[in-house]
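To start, the structure itself, in structure tokens.
In mature numbering (1 follows the signal peptide of the UniProt record, and there is no 0), the protein residues as written are -28 to -1, 1 to 171.
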């Protein structure tokens, strides 16, 4: 009697382990492969790289990626209610958001420090995101990808090109909201993707 009750338990345990193994294998198979990616401080720097040997970057991908990054910049750039706060967060000049509707004070946003492009697989073309300087060093996209340098190449997950939240038309960040979140890029750094770009 003891044998009969022990055997089904062993079988059910093996079935559970097999199912867990199959589920893990399925999830791994669904995960997207890393894509060739590159960071550039300017469109001109990308075009120079495209003219050189041994790169996947082309003039067309440079222009297409730069256009995408500019569009994303208009929609998702970090916006602040104070110019000094903006400049402290990004270590760069900040400009007035000319597209912001009048309703009181000015809204300030940092200049793009460059853009990240990826050679997306499956015929999806180029993925791109603008990135900005961080007061803590390095650079970050609004989607949470953290870069060590504004120039270089690496293989990154397609998730590195996800968009940040739309900030156009939203309330700008204040000193209080920045203090609460830890500053630009800080809240996302733990879960963000890191690009190991060399200097």
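Heads up, the beta-carbon is just placed ideally off N, CA and C, and yes, glycines get one too.
Element boundaries [alpha helix (DSSP H), containing residue i]
| i | result |
| --- | --- |
| residue 42 | 31 to 48 |
| residue 57 | 55 to 62 |
| residue 128 | Taken as a continuous stretch (DSSP letters only), residue 128 belongs to no alpha helix (DSSP H), being part of the beta strand (DSSP E) at 124 to 128. |
| residue 153 | 147 to 153 |
Residue closest to residue i, alpha-carbon to alpha-carbon, out of the options
| i | options | result |
| --- | --- | --- |
| residue 48 | 61, 84, 63 and 54 | 84 |
| residue 16 | 103, 139, 87 and 8 | 87 |
| residue 106 | 141, 14 and 150 | 150 |
| residue 141 | 20, 64 and 81 | 81 |
| residue 134 | 20, 18 and 40 | 40 |
| residue 43 | 19, 21 and 101 | 101 |
Spatial neighbours of residue i in its chain, beta-carbon cut-off 7 Å, leaving aside the 5 residues before and after
| i | result |
| --- | --- |
| residue 7 | 90, 91, 92, 93, 127, 128 and 130 |
Inter-residue Cα distance where the pair is residue i and residue j
| i | j | result |
| --- | --- | --- |
| residue 56 | residue 50 | 14 Å |
| residue 99 | residue 5 | 14 Å |
| residue -1 | residue 125 | Note that residue -1 scores a pLDDT of 42, beneath 50, so its modelled location is shaky; the value from the coordinates is reported in the next line. So the alpha carbons of these two residues sit roughly 25 Å apart. |
| residue 23 | residue 30 | 8 Å |
| residue 70 | residue 109 | 28 Å |
| residue 27 | residue 113 | 23 Å |
| residue 118 | residue 54 | 24 Å |
| residue 121 | residue 111 | 7 Å |
| residue 21 | residue 38 | 14 Å |
| residue 77 | residue 67 | 13 Å |
Presumed contact (8 Å Cβ cut-off) between residue i and residue j, rounded CB distance
| i | j | result |
| --- | --- | --- |
| residue 79 | residue 137 | Not quite, the Cβ-Cβ distance comes to about 16 Å (not below 8 Å), so this is no contact. |
| residue 132 | residue 33 | With 8 Å as the limit, residue 132 and residue 33 do not qualify as a contact, their Cβ atoms being about 16 Å apart. |
| residue 36 | residue 97 | 7 Å |
Endpoints, beta strand (DSSP E) assigned at residue i
| i | result |
| --- | --- |
| residue 138 | Neither: residue 138 is in no beta strand (DSSP E) and is coded neither H nor E. |
Contact set for residue i: own chain, Cβ-Cβ below 6 Å, skip 5 residues either direction
| i | result |
| --- | --- |
| residue 52 | 58, 80, 144 and 145 |
| residue 2 | With a pLDDT of 47 at residue 2, under the threshold of 50, the modelled position of that residue is not reliable, and no figure is offered here. |
Cut-off 8 Å between Cβ atoms - residues of its own chain near residue i, not counting five sequence neighbours on either side
| i | result |
| --- | --- |
| residue 155 | 61, 106, 107 and 108 |
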